[in-house]
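> Just so you know, the protein sequences line up as chains R and S, in that order.
No gaps in the numbering here: position 194 of the first sequence is 500 in the working numbering, and each next residue is one more.
No gaps in the numbering here: position 69 of the second sequence is 375 in the working numbering, and each next residue is one more.
Would you mind keeping the following structure in view while I ask a few things?
2 protein chains.
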Amino acid sequence: MQSEEEISNFLKSIETRCFKTTKRSFFKGETITTYLEKRNQLCILLTGEADLIRYDFNGNKTIIGQFSNNSIFGEALYPANTNNELFVLAKTNCDVLFFSYDNLWIKCKQNCSFHKEFSEQINKLIISQVVELNTRIELLTKKNIRDKLLSYFDILSSKKLSKTISIPFTFTDLADYLSVDRSAMTRELSHLIEEGFIEKKGKKITLLYE
Amino acid sequence: MQSEEEISNFLKSIETRCFKTTKRSFFKGETITTYLEKRNQLCILLTGEADLIRYDFNGNKTIIGQFSNNSIFGEALYPANTNNELFVLAKTNCDVLFFSYDNLWIKCKQNCSFHKEFSEQINKLIISQVVELNTRIELLTKKNIRDKLLSYFDILSSKKLSKTISIPFTFTDLADYLSVDRSAMTRELSHLIEEGFIEKKGKKITLLYE
DNA sequence: AAAAATCTGTTGCGTATGCAACAAAAATAT
DNA sequence: ATATTTTTGTTGCATACGCAACAGATTTTT
Numbered sequence: 307m308q309s310e311e312e313i314s315n316f317l318k319s320i321e322t323r324c325f326k327t328t329k330r331s332f333f334k335g336e337t338i339t340t341y342l343e344k345r346n347q348l349c350i351l352l353t354g355e356a357d358l359i360r361y362d363f364n365g366n367k368t369i370i371g372q373f374s375n376n377s378i379f380g381e382a383l384y385p386a387n388t389n390n391e392l393f394v395l396a397k398t399n400c401d402v403l404f405f406s407y408d409n410l411w412i413k414c415k416q417n418c419s420f421h422k423e424f425s426e427q428i429n430k431l432i433i434s435q436v437v438e439l440n441t442r443i444e445l446l447t448k449k450n451i452r453d454k455l456l457s458y459f460d461i462l463s464s465k466k467l468s469k470t471i472s473i474p475f476t477f478t479d480l481a482d483y484l485s486v487d488r489s490a491m492t493r494e495l496s497h498l499i500e501e502g503f504i505e506k507k508g509k510k511i512t513l514l515y516e
Numbered sequence: 307m308q309s310e311e312e313i314s315n316f317l318k319s320i321e322t323r324c325f326k327t328t329k330r331s332f333f334k335g336e337t338i339t340t341y342l343e344k345r346n347q348l349c350i351l352l353t354g355e356a357d358l359i360r361y362d363f364n365g366n367k368t369i370i371g372q373f374s375n376n377s378i379f380g381e382a383l384y385p386a387n388t389n390n391e392l393f394v395l396a397k398t399n400c401d402v403l404f405f406s407y408d409n410l411w412i413k414c415k416q417n418c419s420f421h422k423e424f425s426e427q428i429n430k431l432i433i434s435q436v437v438e439l440n441t442r443i444e445l446l447t448k449k450n451i452r453d454k455l456l457s458y459f460d461i462l463s464s465k466k467l468s469k470t471i472s473i474p475f476t477f478t479d480l481a482d483y484l485s486v487d488r489s490a491m492t493r494e495l496s497h498l499i500e501e502g503f504i505e506k507k508g509k510k511i512t513l514l515y516e
């Protein structure tokens with residue numbers, strides 16, 4: 307498999323050929339898409355960061371997904387939605403590639419190599435998305451905040467091959483990602499420090515165990 | 307896209323051609339695979355049911371995934387694992403198709419139509435797996451048991467287009483799926499009944515609201 | 001450089017929920 | 001048909017965690 311970067315370059319170089327793709331830029335704060343009756347649309351985040359937000363009927367806001375470089379999203383990847391509304395919101399300025407889900411399957415008349423490669427790359431992205439989702443589920447199924455944090459640190463640590471890691475987003479967002487209350491999480495972080503499990507300096511965390 | 311059934315039939319009819327696939331049957335209780343250094347292997351459950359089980363370092367067992375007809379799984383779809391061991395355990399007798407992840411990408415010399423169709427079907431399965439995973443995350447990110455249950459019921463209800471639904475697994479398993487304590491969940495179910503939100507008769511639930 | 005917005009850490013309080021234990025019911029195995 | 005295992009419902013207890021509120025630090029905007 308190619309590197310992240312190669313895939314990234316391929317996606318950025320795409321121009322509409324045998325089927326239609328659209329690129330659009332969004333400013334921070336704009337709504338990129340809603341998950342409501344666009345079942346055919348797939349989106350890839352080329353640059354920037356975006357959140358998938360749920361407002362439930364009480365108006366409570368939850369971040370249920372966080373997207374960054376090469377994240378693939380869109381209603382086609384979501385359960386047909388019932389009660390609550392889902393939005394994808396640009397957290398920073400973003401460039402997004404849109405295309406129709408069907409183009410992944412429909413063979414183009416010319417059987418052009420571009421179309422083939424495109425499908426392949428998208429499928430690879432989807433697979434890495436599956437890994438991401440499984441990672442998150444792995445964390446969400448831990449029964450308490452401490453285990454969620456430690457598992458999360460472990461994952462980062464084994465990715466970077468280092469006991470010192472840097473949290474890639476704000477602690478507020480981390481709490482959302484782990485689906486716990488922010489203040490409760492901060493409390494637990496303090497306990498972990500007191501008990502000598504970790505050291506913390508801003509977003510730098512050092513694991514002291516093992 | 308074809309129906310579930312068509313995909314199912316296609317998969318069952320697979321015989322090794324331009325690359326190697328293996329079919330094997332497992333008895334209830336057998337270990338189908340472990341997530342440990344088989345990064346290349348993908349598995350599809352042709353018949354039966356299986357659970358993805360995590361044992362953490364305390365020996366605590368958690369069901370972190372549940373597989374049934376046409377579920378696709380395998381370490382390739384999982385974060386490189388660090389601390390705890392993952393097993394896929396046959397919950398009933400199972401038939402499983404194994405093949406190498408690489409075969410999804412490598413173009414076979416003959417460019418045979420079988421290989422093409424195979425890749426396509428697998429990619430569709432993976433996409434439906436993404437929908438499944440997103441469904442679960444949607445549920446896991448709800449902040450309390452009541453909301454988890456009601457959302458779960460809603461999803462089932464809108465799938466079946468009926469206010470009366472049938473839980474497709476035991477309540478013990480449902481608790482695992484929602485990652486809550488079983489007794490706490492039963493307690494919450496009782497409350498929902500008392501307060502007139504639902505009716506319950508065994509695994510049949512009727513939603514009384516809206 | 002000042003003003004505004006967001007992020008972070010802390011704490012008190014109440015409660016939702018995890019845990020353990022048990023008995024009855026249901027399902028499965030012998 | 002009987003025995004064994006699994007599932008289900010219930011309840012008491014303890015506590016982990018969500019919530020609200022606030023102040024200081026940090027970042028972003030103007």
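Here a beta-carbon is modelled for each residue, glycine too, at the ideal position from N, C-alpha and C.
Going by DSSP in three states, R/M307 sits in which element: helix, strand or coil?
The residue labelled residue 307 of chain R in the question sits at position 1 within the first sequence. Its pLDDT being 49, under 50, R/M307 is placed unreliably by the model, and the measurement read from it follows with that caveat. Reduced to three states, the DSSP call for R/M307 is coil.
> Quick check: the segment 342-359 of chain R against the segment 453-465 of chain R, are at least 3 beta-carbon pairs closer than 8 Å?
no
> Closer than 9 Å, Cβ to Cβ, to anything on chain S: give me those residues from the segment 436-447 of chain R, in chain order.
V436, V437, E438, L439, N440, T441, R442, I443, E444, L446 and T447
> Do S/E355 and S/K397 have their CB atoms nearer than 7 Å?
Taking the second sequence and counting its residues from 1, the one referred to as residue 355 of chain S is at position 49. Taking the second sequence and counting its residues from 1, the one referred to as residue 397 of chain S is at position 91. For S/E355 and S/K397, yes; Cβs fall inside 7 Å.
> What does S/A386 reach in chain R if we use C-beta pairs closer than 7 Å?
One-based indexing of the second sequence puts residue 386 of chain S at position 80. Those are S464, listed as they occur along chain R.
> Within a Cβ cutoff of 6 Å, which residues of the same chain sit near S/R488, ignoring the five residues on either side of it in sequence?
Residue numbering aside, residue 488 of chain S sits at position 182 when the second sequence is read from its first letter. Cβ neighbours of S/R488 beyond the five flanking positions: T478 and A481.
> State the DSSP-derived secondary structure class of S/T339, mapped to helix, strand or coil.
In the second sequence, counting from the first residue as 1, residue 339 of chain S sits at position 33. S/T339: strand per DSSP, three-state reduction.
> Once you ignore the five residues that flank S/L498 on each side, which residues in its own chain have a CB closer than 6 Å to its CB?
Here residue 498 of chain S is taken as the residue at index 192 of the second sequence, counted from 1. Same-chain partners within the cutoff: I504.
> What does a CB cutoff of less than 6 Å around R/G371 pick up in its chain, not counting 5 residues either side in sequence?
Translated into the one-based positions of the first sequence, residue 371 of chain R becomes position 65. Hits under 6 Å: L358.
> Nearest-angstrom Cα distance between R/L403 and R/Y341?
Reading the first sequence from its first residue, position 97 is the one you call residue 403 of chain R. Reading the first sequence from its first residue, position 35 is the one you call residue 341 of chain R. In a straight line, the C-alpha of R/L403 is about 16 Å away from that of R/Y341.
> Flag S/S374 as yes if its beta-carbon sits less than 7 Å from any beta-carbon of chain R, otherwise no.
The residue you call residue 374 of chain S lines up with position 68 of the second sequence. Judged by the 7 Å Cβ criterion, S/S374 is not in contact with chain R.
> Is R/I370 close to chain S, meaning its C-beta is less than 7 Å from at least one C-beta of that chain?
Within the first sequence, numbered from 1, the residue matching residue 370 of chain R stands at position 64. True, the Cβ-Cβ gap to chain S drops below 7 Å.
> Taking R/I451 as the reference, which of R/R330, R/R360, R/T492 and R/D408 has the closest Cα?
For the purposes of this step, residue 451 of chain R is identified with residue 145 of the first sequence, where counting begins at 1. Proximity to R/I451 across R/R330, R/R360, R/T492 and R/D408 peaks at R/T492, based on C-alpha coordinates.
> Mind pulling the chain S residues with CB within less than 8 Å of R/I433?
Translated into positions along the first sequence, residue 433 of chain R becomes position 127. By Cβ distance, chain S contributes A382, L383 and I432.
> The beta strand (DSSP E) with R/E505 in it runs from where to where?
Position 199 of the first sequence, counted from the start, is the residue given in the question as residue 505 of chain R. Residues I504 to K507.
> At the level of alpha carbons, what is the spacing between S/T368 and S/R360?
As a position in the second sequence, residue 368 of chain S is number 62, starting the count at 1. As a position in the second sequence, residue 360 of chain S is number 54, starting the count at 1. Near 5 Å, if we compare the C-alpha coordinates of S/R360 and S/T368.
> Between the Cα of R/F393 and those of R/K326, R/Y515, R/E336 and R/K448, spot the shortest distance and give me the residue it belongs to.
Indexing the first sequence from 1 puts residue 393 of chain R at position 87. For R/F393, the closest alpha carbon among the candidates R/K326, R/Y515, R/E336 and R/K448 is that of R/E336.
> Could you confirm whether any beta carbon from chain R is found closer than 7 Å to the beta carbon of S/S406?
Numbered from 1 along the second sequence, position 100 holds the residue referred to as residue 406 of chain S. No, because no Cβ of chain R sits closer than 7 Å to the Cβ of S/S406.
> Buried or exposed for R/G508, going by 16 or more other Cβ atoms inside 10 Å?
As a position in the first sequence, residue 508 of chain R is number 202, starting the count at 1. Classification for R/G508: exposed.
> In its own chain, which residues sit with a C-beta less than 6 Å from the C-beta of R/S374, not counting the 5 before and 5 after it?
Here residue 374 of chain R refers to the residue found at position 68 when the first sequence is read from its first residue. Closer than 6 Å at Cβ, skipping near neighbours: E355.
> How is the beta strand (DSSP E) around S/R330 delimited, first residue to last?
Mapped onto the second sequence, residue 330 of chain S falls at position 24. Counting along the chain, the beta strand (DSSP E) containing S/R330 begins and ends at T327 to F332.
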